[in-house]
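Student: Next up is a structure, given as structure tokens.
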Amino acid sequence: MAEIECFFDCSSPWTYFAFHNLRQMEQDLDVQVAWRPILVGGVFNAENPSVYNSRDKPVPAKAAYNKKDQMNWAGYLGIRMHYRPTVFPVNSVKAMRGCLLLEPEGKLVPFAQAVFEAYWRED
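Using this note's numbering, the letters of the sequence shown correspond one by one to residues 83 to 205.
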């Protein structure tokens, strides 16, 4: 059986899309996903701290295209999504700790699914 390792943070719309796709692959193909909760903010801090400036002072054309791109992906995947939830960006530390805590019990995936949907779909 093939294994895919997926590093994800429930605060990221792109990992929301990946989570959805990989769950489908688990069902349709002979694939097992190793879910690896991370804090994407920590990655930004270490590798690309300028991302925060781009959020505070977005380039209008880039922001408009980002919204279009994300909404196009959501439509393609059949996912209902709010482009910018009321609280954005959210501090996902507790949610990601919850994923780590629930992983040994086999509850990481349903918990992460609920967090993704509450944040990105339900707002």
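All C-beta atoms, glycine included, are put in the ideal place defined by N, C-alpha and C.
1. So residue 119 packs on residue 159, CB below 8 Å; how close in whole Å?
2. Rounded to the nearest angstrom, how far is the Cβ of residue 92 from that of residue 197, given a contact under 8 Å?
3. Alpha carbons only, please: which of 186, 165, 189 is nearest the one belonging to residue 95?
4. Measuring straight from C-alpha to C-alpha, what distance separates residue 132 and residue 102?
5. I need the boundaries of the alpha helix (DSSP H) containing residue 181, first residue and last residue.
6. Please name the residue, chosen from 86, 137, 162, 193, that lies closest to residue 171 on a Cα-to-Cα basis.
7. Residue 205 to residue 127, Cα distance in whole Å?
8. Does any C-beta atom of chain D lie closer than 8 Å to the C-beta of residue 180?
9. Can you check whether the CB of residue 112 is closer than 8 Å to the CB of residue 84?
10. For residue 117 and residue 184, which I take to be in contact (beta-carbon distance under 8 Å), what is that distance rounded to the nearest angstrom?
Tutor: Based on what the coordinates show:
1. At roughly 21 Å, the Cβ-Cβ gap does not stay under 8 Å, so residue 119 and residue 159 are not in contact.
2. 4 Å
3. 165
4. 28 Å
5. 175-184
6. 137
7. 26 Å
8. Included in the structure is just one protein chain, with no chain D present.
9. yes
10. Incorrect: roughly 10 Å between the Cβ atoms, too far for contact.
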